[in-house]
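Written below as structure tokens is the structure these notes are about.
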Amino acid sequence: MADGRQFISVVVPTRNRRDTLGRCLEGFRLQALPADCFEVVVVDDGSDDGTGALLAEAAKGMRNLRHFRQEPGGPAAARNIGIREARGPLVLFTGDDCIPSPDLLVEHARTHRLHPSVAVLGYVTWHPDLEVTPFMRYLAVDMQFSFPRIEKTPRSVTFNLFYTSNISVEKRLLEAAGLFDEDFKDAVFEDVEMGYRLWKTGVGTVYNRRAITYHYHPVTLEEYIRRSVKRGRAAALLYRKHPELKSTDFIHLEDLTDPKVRFDFYNAVLRYHNAVGLQEVLAEPDAAGPIALIPLEDRLRNWAGESLDRLAGIARGQKTQIEALERAVRDAQQALRATQEALAERDRLVATLDEKNARKNARIDELERFELRVKSSLPFRAYLGLAKLLGRGKSPAGPR
Numbered sequence: 452m453a454d455g456r457q458f459i460s461v462v463v464p465t466r467n468r469r470d471t472l473g474r475c476l477e478g479f480r481l482q483a484l485p486a487d488c489f490e491v492v493v494v495d496d497g498s499d500d501g502t503g504a505l506l507a508e509a510a511k512g513m514r515n516l517r518h519f520r521q522e523p524g525g526p527a528a529a530r531n532i533g534i535r536e537a538r539g540p541l542v543l544f545t546g547d548d549c550i551p552s553p554d555l556l557v558e559h560a561r562t563h564r565l566h567p568s569v570a571v572l573g574y575v576t577w578h579p580d581l582e583v584t585p586f587m588r589y590l591a592v593d594m595q596f597s598f599p600r601i602e603k604t605p606r607s608v609t610f611n612l613f614y615t616s617n618i619s620v621e622k623r624l625l626e627a628a629g630l631f632d633e634d635f636k637d638a639v640f641e642d643v644e645m646g647y648r649l650w651k652t653g654v655g656t657v658y659n660r661r662a663i664t665y666h667y668h669p670v671t672l673e674e675y676i677r678r679s680v681k682r683g684r685a686a687a688l689l690y691r692k693h694p695e696l697k698s699t700d701f702i703h704l705e706d707l708t709d710p711k712v713r714f715d716f717y718n719a720v721l722r723y724h725n726a727v728g729l730q731e732v733l734a735e736p737d738a739a740g741p742i743a744l745i746p747l748e749d750r751l752r753n754w755a756g757e758s759l760d761r762l763a764g765i766a767r768g769q770k771t772q773i774e775a776l777e778r779a780v781r782d783a784q785q786a787l788r789a790t791q792e793a794l795a796e797r798d799r800l801v802a803t804l805d806e807k808n809a810r811k812n813a814r815i816d817e818l819e820r821f822e823l824r825v826k827s828s829l830p831f832r833a834y835l836g837l838a839k840l841l842g843r844g845k846s847p848a849g850p851r
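If you're matching positions, the sequence shown starts at 452 in this note's numbering and goes up one per residue.
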């Protein structure tokens, strides 16, 4: 039997993704980690596409597969069932549209041995069999995932990067934090909220680039716009539950406050809908024929991603300018502090010189008073009289 301390329970919520779920399960069947070292717990969130039959058939050839079903309640509720049913001390979350690399579980187990009591975040990328559009590339590096930023500073993975496409954590830590909040009905921010509560209990996150899952789900701009509306609604729920979270980084509102970004955003949205109207006409059964002015099909296919690539570039450029300005301000503040310290040192020197001058002037005053006393004394006057009698013609100099 496997060492119980390293036994992993993989929790996969699913709903109406029979085909991609089959690919996901096949990926776990081919894991380098021995089958007696892990289990796969699939929770069917009320699917009606034959997912139940697929799971029953898959379980015949995969002894470490267990599956459960709930009425539609969302991925948070489904994951909670998976956590409660998990037999292992380590729980790994992934999606029904994610295909694991052969070493996924080996890498998660290794990282937990090196870093106990943390969450382990793996890498998520598009599956090589997919045609990755410019828009999907944009999502991978900016809006949906932040792996380029994570890889620059892998030791500072924040709670909002608790990606349930590829993350593992000890079951006891999940239970201590209170499991997923089932008020979140969609697959939006329920993971961030869980990550935040784990973070508040002192659970950090370690990133392992070698623990890879492949996202097998092409995404269109239209689909992501609908998802973004859900993101906004879920963000409102997140802020109500945790009013101490003041930042709007979760929904990327800051970029829209820049006038140039806002202007280009309006241009992009309006031109995109021009393209939508053109596509609708070309799709009509009685369309007169293709438009030969440009390779329209390819152009429209890539337009959204290219435009958003440009927008992302603008936003990144603005961010770079802001960072440069912040560095300049920090340098100026440092120079100001140095100047203030130099002025303070100068004031100390001036005060010292003033004190020396005051002592010198006091000594001079004392000498002048002494001279007056000498000149007014009887012996000195007698000396002057004697000098005159002797015919010297001038007074001798007084003492100095």
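For every residue, glycine included, the Cβ atom is placed at its ideal position computed from N, Cα and C. A quick note: this is a predicted structure, and the numbers were derived from the prediction, not measured.
Does the contact criterion of 3 or more C-beta pairs under 8 Å hold for the segment 472-489 versus the segment 506-520? A contact between stretches requires three or more CB pairs, one per stretch, nearer than 8 Å, and the segment 472-489 meets this requirement with the segment 506-520.
Might you give, ordered along the chain, the residues of its own chain that have their beta carbon closer than 8 Å to the beta carbon of Glu817, omitting 5 neighbours on each side? Within the same chain, Glu817 has no close Cβ partners at all.
Is the distance from the Cβ of Tyr574 to the Cβ of Arg474 below 9 Å? Note that the C-beta distance between Tyr574 and Arg474 is not below 9 Å.
Exposure label - Pro464; buried when at least 16 CB within 10 Å: When all chains shown are included, Pro464 counts as buried.
Is it true that the segment 623-632 meets the segment 664-682, where meeting means three or more beta-carbon pairs spaced less than 8 Å apart? No contact exists between the segment 623-632 and the segment 664-682.
With distances taken Cα to Cα, identify the nearest neighbour of Val557 among Ile459, Asp642 and Arg469. Nearest in C-alpha terms to Val557, of all of Ile459, Asp642 and Arg469, is Ile459.
In or out: Gly611 buried (at least 16 other Cβ within 10 Å) or exposed? Residue identity check: residue 611 is Asn in the sequence provided, not Gly. Result: buried.
Chain-order list of residues whose beta-carbon lies under 6 Å from that of Gly533 (same chain, five-residue window excluded): Answer for Gly533: Val462, Val492 and Val494, listed in chain order.
In chain order, which continuous runs of the alpha helix (DSSP H) of length 4 or greater are located wholly inside the segment 459-497? Here the runs fully enclosed are 469-480.
Are there 16 or more other CB atoms within 10 angstroms of the CB of Ser568, so buried, or fewer, so exposed? Looking at its Cβ environment, which holds fewer than 16 other Cβ atoms inside 10 Å, Ser568 is exposed.
Quick one: give me the first and last residue of the alpha helix (DSSP H) that Thr562 is part of. Run containing Thr562: Leu555 to Leu565, per the alpha helix (DSSP H) assignment.
Going by beta carbon distance, what residues of the same chain come within less than 8 Å of Leu505, once the five residues before and after it are set aside? For Leu505, where only same-chain residues beyond five positions count, the Cβ hits under 8 Å are Arg469, Leu472 and Gly473.
How is Ser597 classed by DSSP in three states: helix, strand or coil? Three-state DSSP puts Ser597 in coil, outside helix and strand.
Just to confirm before moving on: does the CB-CB distance between Ala509 and Arg466 stay below 9 Å? Taking 9 Å as the Cβ cut-off, Ala509 and Arg466 do not qualify as a contacting pair.
Could you check which residue in Ala687, Phe586, Thr584 and Val608 has the C-alpha nearest to that of Asp634? Of the listed residues, the one whose Cα sits closest to Asp634 is Ala687.
Between which two residues does the alpha helix (DSSP H) containing Leu572 stretch? Taken as a continuous stretch (DSSP letters only), Leu572 belongs to no alpha helix (DSSP H), being part of the beta strand (DSSP E) at Ala570 to Trp577.
Go ahead and label Gly836 buried or exposed: buried means 16 or more other beta carbons lie within 10 angstroms of its beta carbon, across all protein chains shown. Counting every other CB atom within 10 Å of its CB across the protein chains shown gives Gly836 a total below 16, marking it as exposed.
Distance check for Ser597 and Lys622, CA to CA, integer angstroms please. Each residue's Cα considered, the two are about 26 Å apart.
When DSSP labels each residue in this structure, what does Phe831 get in the three-state scheme? Annotated three-state conformation of Phe831 is helix, per DSSP.
Beta strand (DSSP E) containing Phe544: first to last residue? For Phe544, the enclosing beta strand (DSSP E) stretches over residues Leu541 to Thr545.
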